[in-house]
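Everything on this sheet refers to the single structure shown next.
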Amino acid sequence: MITVRTAADLRARIHEWRARENRIACVPTMGNLHAGHLRLVRHARAIADRVVASIFVNPMQFGPGEDFTSYPRTLEADRAALMEADADLLFIPDVEVVYPRDLDQMTRVEVPALGDILCGASRPGHFAGVTTVVAKLFNLVQPDVAVFGEKDYQQLVIIRRMVEDLNVAVSIEGIATVRDPDGLAMSSRNRYLDPGERAIAPCLYRVLGEVRDRIDAGERDYGAVERAAIAALTRAGFEPDYVSIRRAADLVPPTSADQALRVLAAARLGTTRLIDNIEISVS
Ligand code: PAF
Numbered sequence: 066m067i068t069v070r071t072a073a074d075l076r077a078r079i080h081e082w083r084a085r086e087n088r089i090a091c092v093p094t095m096g097n098l099h100a101g102h103l104r105l106v107r108h109a110r111a112i113a114d115r116v117v118a119s120i121f122v123n124p125m126q127f128g129p130g131e132d133f134t135s136y137p138r139t140l141e142a143d144r145a146a147l148m149e150a151d152a153d154l155l156f157i158p159d160v161e162v163v164y165p166r167d168l169d170q171m172t173r174v175e176v177p178a179l180g181d182i183l184c185g186a187s188r189p190g191h192f193a194g195v196t197t198v199v200a201k202l203f204n205l206v207q208p209d210v211a212v213f214g215e216k217d218y219q220q221l222v223i224i225r226r227m228v229e230d231l232n233v234a235v236s237i238e239g240i241a242t243v244r245d246p247d248g249l250a251m252s253s254r255n256r257y258l259d260p261g262e263r264a265i266a267p268c269l270y271r272v273l274g275e276v277r278d279r280i281d282a283g284e285r286d287y288g289a290v291e292r293a294a295i296a297a298l299t300r301a302g303f304e305p306d307y308v309s310i311r312r313a314a315d316l317v318p319p320t321s322a323d324q325a326l327r328v329l330a331a332a333r334l335g336t337t338r339l340i341d342n343i344e345i346s347v348s
């Protein structure tokens with residue numbers, strides 16, 4: 066695996082691979098890699114000739130007071146894990162490579178509406194930061210395919226929308242969330258949880274499962290189901306941000322005709338904000 070830090074070096078390598086007609090897959094990350102990320106890399110390995118992973122803790126997607134400075138940075142362990150997962154190239158740009166100007170002077174890529182709801186409502190500007198950095202990575206890597214986790218389901222839907230709206234020639238693959246044995250979705254932010262919070266955290270997934278059970282049992286008053294889920298999370302010790310049942314494809318509130326749904330939730334445990342989501346099929 067080669068490690069590349071500049072756009073020029075990255076482009077040179079991509080140019081070589083393109084000349085050989087290699088199929089290139091890209092796995093953007095912010096590092097602190099866990100089994101969920103490595104599943105993305107292994108999937109990329111299985112479907113492409115060349116796998117490019119990136120590690121960049123993207124300042125543009127963090128709001129004031131969020132965890133940009135404390136976000137875990139574990140480059141040597143990440144590099145070893147990526148070698149083990151057989152990535153071909155690791156791109157680790159410095160912030161000046163990605164943002165040569167002050168952040169507020171940089172061109173942005175923004176998906177309206179979809180970027181302002183759910184997590185976007187409590188993290189203004191977050192998704193514009195994500196789509197801007199992902200668009201830049203797509204321009205640099207020119208991948209045939211890019212792989213993202215379903216844990217950040219809203220992010221996945223927004224990236225698909227950006228690619229469609231901007232006619233980017235990349236296919237986006239979403240990979241199922243990897244969970245700890247007790248159900249907690251793997252996340253770099255789980256390491257912020259103290260032992261008491263860690264014991265409560267799997268309740269988020271259990272509550273999502275209860276939402277699915279109620280809908281499977283025929284409940285169609287989605288508002289009532291969401292309110293019950295929020296109450297259950299509060300009783301468990303969370304400060305819920307939202308629990309929301311949406312149409313899976315575009316995250317609008319579902320109508321009675323919609324069959325492919327997603328229930329998404331965000332809730333704070335102490336100072337840690339956890340998110341999770343599951344699929345629901347209505348027949
Ligand atoms: O999901 C993440 O880790 C980030 O949001 C991403 C897609 C790498 C963009 O910084």
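If you're matching positions, the sequence shown starts at 66 in my numbering and goes up one per residue. Glycine included, each C-beta is placed from N, C-alpha and C at the ideal position. Bear in mind that the values here come from a model prediction, so they are computed numbers and not experimental data.
CA-CA distance, residue i and residue j?
i	j	result
PRO319	VAL212	27 Å
ARG333	VAL243	20 Å
LEU249	ALA84	43 Å
VAL106	VAL160	23 Å
LEU298	THR134	29 Å
ILE224	VAL199	8 Å
PRO124	ALA331	21 Å
ARG110	LEU179	30 Å
ALA73	PRO158	11 Å
ILE340	ASP217	8 Å
ARG173	GLN219	19 Å
GLY239	HIS108	10 Å
ALA264	GLU275	19 Å
TYR307	PRO246	25 Å
VAL290	VAL328	10 Å
LEU103	LEU75	21 Å
ALA193	ALA266	28 Å
THR139	ARG188	25 Å
Please confirm whether residue i and residue j have their CB atoms less than 8 Å apart.
i	j	result
GLY214	GLY288	no
LEU155	THR71	no
VAL176	PHE203	no
MET251	HIS99	yes
ASN87	SER253	no
LEU183	SER309	yes
MET66	MET171	no
Out of the options, which has the shortest C-alpha to C-alpha gap to residue i?
i	options	result
ARG285	LEU269, ILE240, SER346	SER346
ASP143	TYR218, THR94, THR196, VAL235	THR94
ASP209	LEU98, ALA113, GLY180	ALA113
ASP151	ALA90, ALA301, ALA313	ALA90
ASP315	ASP181, ALA146, ALA301	ASP181
Which whole-angstrom value describes the C-beta separation of residue i and residue j, a residue pair presumed to lie in contact below a C-beta threshold of 8 Å?
i	j	result
VAL117	VAL206	5 Å
LEU231	ASN342	Going by Cβ atoms, the distance from LEU231 to ASN342 rounds to 25 Å, so no, they are not a contact pair.
THR337	TYR257	4 Å
HIS191	GLY130	At roughly 13 Å, the Cβ-Cβ gap does not stay under 8 Å, so HIS191 and GLY130 are not in contact.
VAL92	PHE121	Actually they do not touch by this definition, with Cβ atoms about 12 Å apart.
Closer than 6 Å: residues whose CB approaches a heavy atom of the ligand PAF: That query returns the following residues: PRO93, THR94, MET95, ASN123, GLN126, VAL195, VAL198, VAL199, ASP217, GLN220.
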